[in-house]
Structure formats: structure tokens, C-alpha cells
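Here the structure is laid out as C-alpha cells; the discussion comes afterwards.
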Amino acid sequence: MKRVVITGLGALSPLGDNLEETWKNAVNGVSGAKPITYFDTEKFKTTFACELKGFDPKDVLDRNEIKRSDRFTQYALYSSTEALNDSGLDLSKIDPFDIGVIWGSGQGGMDTFEQEVGAFTSGDGTPRFSPFFIPKLISNMASGLISMKFGLMGINYTTVAACATANSSIMDAFNYIKLGKAKVFITGGSECPVTSASIGGFNALKAMSTRNDEPEKASRPFDVNRDGFVMGEGAGALVLEELEHAKARGAKIYAEIVGASMTADAYHMTATHPEGKGASRAMENALAEAGLNASEVDYVNAHATSTPVGDISEIKAINNTFGTSERLHVSSTKSMTGHLLGAAGAIESIFCIKAIQDNVVPPTINLEELDPEVPGHLKIVAQQALEKKVEVAMNNSFGFGGHNAITLFKKFS
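Using the working numbering, you'd call the opening residue of the sequence shown number 37 and step up by one each time.
Next up, the structure:
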């Protein structure tokens with residue numbers, strides 16, 4: 037089997053419009069939550085989210101690209117451009133059929149759907165939909181347009197696994213390179229769910245925080261007073277590359293991806309398994325593939341979204357997998373970015389990789405009173421980042437439908 041390394045990263049998040057700014061603010065414990073500016077929230081139970089701050093599609097896209105793409109695709113093109121530039125790949129020297137794109141989005145073009153259908157229903161009933169309605173809406177268009185923008189002709193498709201989407205994309209790219217089916221992949225996920233339909237829908241599920249008077253304190257994973265997740269948006273892009281190919285061109289290597297796994301809870305449409313059985317097995321499978329023991333993992337970036345039930349089921353899964361490991365520290369960066377749904381696994385995998393590179397664990401902010409159901413021996417990094425040697429980091433992602441997706445990264449040597 038081929039070894040797979042990460043040679044490029046790109047991030048577009050509520051913490052910053054590039055990798056450097058996003059990571060800096062994550063380490064410094066900055067909250068991205070603010071009142072929603074995209075639409076009038078007067079009639080909504082939740083009036084805040086983690087929106088992007090400085091994004092301008094004109095920075096990397098021309099007028100036609102912007103006109104023909106939904107925001108989730110614009111985010112994908114933006115972050116993948118940064119990741120490719122970061123990788124230093126000279127595409128003119130690589131067979132285009134050796135480079136693929138596997139890109140995920142949980143919702144796809146929700147913004148386009150809402151605008152087009154809203155315009156239709158508020159009009160005279162005559163179907164005057166844009167000819168770009170369907171192409172902008174469908175979830176695979178991000179992967180398609182990334183390939184077109186850069187002339188990449190290898191394996192190309194989209195994964196959809198709700199909030200486990202981006203991790204499943206990364207896992208698929210990892211597996212294809214391992215099997216010798218490609219030399220390089222651009223992979224990750226993007227999401228633009230700060231829309232009235234998304235906010236309203238998740239409010240109806242009673243899944244989102246309604247702490248409208250203190251939005252920056254609303255996302256509080258593991259805290260006894262958490263009341264739901266905070267919506268976030270953005271994209272994360274990773275360039276995965278076969279090791280010998282990367283070495284031959286003298287590429288910088290951030291880390292190695294050494295294991296990945298998916299399981300299903302087979303339990304409930306929206307709730308995780310109360311004992312975390314599926315999540316535990318996925319973590320164990322990823323460790324087994326990597327040939328690592330649980331005691332060798334330094335950091336878990338938890339899925340922990342700040343929901344009362346979900347956080348504890350994951351804690352049980354982590355506890356079942358890692359026991360009383362002395363090396364392990366856990367944090368949830370969703371306390372800062374909010375929950376990016378299908379893009380969450382990409383941003384959080386990037387955080388794992390940067391933790392390995394910089395030897396620092398980003399914090400769980402707003403954790404003021406630890407839920408008593410969290411075992412005392414589990415080390416949750418709260419409020420401030422922790423400087424420590426990070427050799428191995430794991431990213432957890434779980435999604436509606438019972439999807440569990442785990443990626444495992446290791447310092448390259």
C-alpha cells in the first residue's frame with residue numbers, strides 16, 4: 037500500500053478567510069459567533085451564527101464563475117485555490133488523470149434553492165427559474181468546478197454523509213491513493229447553511245442554541261449549561277499526495293494520514309447512539325489501520341457540537357476507546373467556528389494537522405462548568421490553548437443518519 041501525506045491546506049472559516057488567520061484565531065480562542073446579517077431574523081428563535089467575515093469571491097473567481105455557482109461552490113473554489121497554491125504543485129508537469137477531486141457538502145446549494153423557489157412562489161406562478169438553478173443546486177458541482185478550474189481529469193465525485201461528509205471525502209481520497217488509483221487529490225468540504233430555511237429547520241429540531249443575548253458564548257461543548265449548536269459556514273481543503281510523488285518534487289509535508297474509518301450507528305435519524313458504539317468502533321478501526329495503540333494518540337478534535345445528548349455520547353465513545361490514557365487531550369473547536377455541517381470534518385482535520393505541526397492543542401472556549409457526566413480522567417482543553425508535543429491527532433465527525441467518520445494523522449518521519 038502507498039503512503040499518503042498532506043502537502044497543501046486551505047481554510048475559509050468564521051475565524052478567517054485563509055489558513056493562517058483561521059488557525060491563529062483558533063489557537064487564541066476567538067469566537068466567530070455574531071448576529072446574522074444575511075437575512076432578517078426577527079421571526080426566528082435563533083438570531084446569530086458564525087458567518088464568514090472577509091470573504092469576497094472576486095478574489096479568486098471571475099464574474100461568470102460567480103454567476104454560475106452557489107456560495108458553497110464558491111467557498112470550495114476559494115479554499116481549494118489556497119490549498120493548491122500552498123502545495124506548490126506544478127500542474128503542467130503532472131498527468132491530469134493522476135489528480136482527482138473528492139469534495140463533500142451536506143446540503144449543497146441550499147441558498148440557491150431558497151432564492152429560486154422563494155422567487156417562484158412569491159410571483160405569479162409562472163415558472164421562470166434560472167437556467168443555472170439545477171447546476172448551482174446539486175451537491176457534486178463543487179467537485180466538478182474545482183476539476184474544471186484546474187484541469188484535473190482524475191477521479192471526481194462528491195460524498196454526502198451529513199456532518200460526517202468532509203471526513204468521508206478525505207477517507208475516500210486517502211484510500212484511492214493508497215491503492216495506487218491516483219497520485220494527488222484535492223479533498224475536503226464546503227457548506228453555506230446560514231439561510232432562513234436552514235436556521236428555521238434546525239430550530240424546529242430544537243438542535244440550535246437560542247442564547248441570542250450572548251452569541252459568542254453560545255457554543256459551549258461539554259459545558260453543563262450548553263443548549264444546542266451554533267451554525268457555521270465555510271470550507272476546508274486538503275491536498276493529499278502519494279509520498280514518493282511528494283518527495284520526488286521536494287514538497288513540504290505537513291503530516292501523514294495513517295488511518296480512517298466509517299461505521300453506522302443504525303440507531304436513530306438524528307441522535308447518536310447513547311453509548312457511542314458506532315463511534316467507538318470507527319475510532320478503533322482507524323487506529324488498527326494505522327498500527328497504533330490508543331495510548332499513542334495525543335489529541336482528539338471532538339465532533340462535540342454543544343448539544344446536551346451528543347456531547348456525552350461522544351465522551352462515552354472516547355472513554356471506551358482511550359480509557360485512562362495519560363497522553364490524550366480533547367477539545368472541540370466548534371466552540372469557536374460553530375458547526376460547519378458537511379465542511380466541519382475538513383476544517384477540524386486541518387486543525388489536527390496544524391496541532392501536529394505547531395505542537396499546540398486549540399481550546400474549547402466557553403467551558404466554564406464541566407458536565408459531571410464527563411469522566412474526571414479525561415483531559416478537556418478548556419479556555420486556553422495547550423502547548424504540548426503532538427505526534428498523533430484524531431478527528432471525529434458524526435452525522436444525521438448515524439454516520440461516523442474518523443481520520444487519523446501522524447507527524448511525518
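The beta-carbon is built from N, C-alpha and C at its ideal position, and this holds for glycine as well.
Every value quoted in this text rests on a predicted model; they were computed, and no experiment measured them.
Residue state for Cys86 is assigned as strand, using DSSP reduced to three classes. Under the DSSP assignment, Met430 falls in the beta strand (DSSP E) whose first and last residues are 428-435. In this structure Pro167 is exposed. Its beta-carbon is surrounded by fewer than 16 other beta-carbon atoms within 10 angstroms. DSSP places Ala47 inside the beta strand (DSSP E), whose first and last residues are 40-48. In the structure shown, the three-state DSSP call for Ala418 is strand. Check the Cα spacing between Ala300 and each of Val153, Ser204, Cys228, Ser449: the tightest is with Ser204. A Cβ-Cβ distance of about 5 Å is found for the pair Thr43 and Ser123, placing them in contact under the 8 Å criterion. Under the three-state reduction of DSSP, Pro71 is assigned to strand. Secondary structure note for Asn239: its alpha helix (DSSP H) is the uninterrupted segment 232-240. For Glu280, the enclosing alpha helix (DSSP H) begins and ends at 279-284.
A distance below 6 Å between beta-carbons, with the five flanking residues on each side excluded, links Ser245 to the following residues of its chain, in chain order: Ala254, Asp263, Gly264, Val266. With distances taken between CA atoms, Ala240 lies nearest to Phe80 out of Ala353, Phe80, Tyr303. Apart from sequence neighbours up to five positions away, the residues of its chain that approach Ser316 with a beta-carbon distance below 7 Å are Ala353, Asn356, Thr357, ordered along the chain. Partner residues in the beta bridge of Ile293, as assigned by DSSP, are Val40, Phe445. Under DSSP, Cys199 takes part in a beta bridge, and its partners are Ala197.
Rounded to whole angstroms, Gly140 and Pro411 show a C-alpha spacing of 34 Å. Scanning its chain for C-beta atoms nearer than 6 Å, with the 5 sequence neighbours on each side dropped, one finds around Asn321 the residues Ser297, in chain order.
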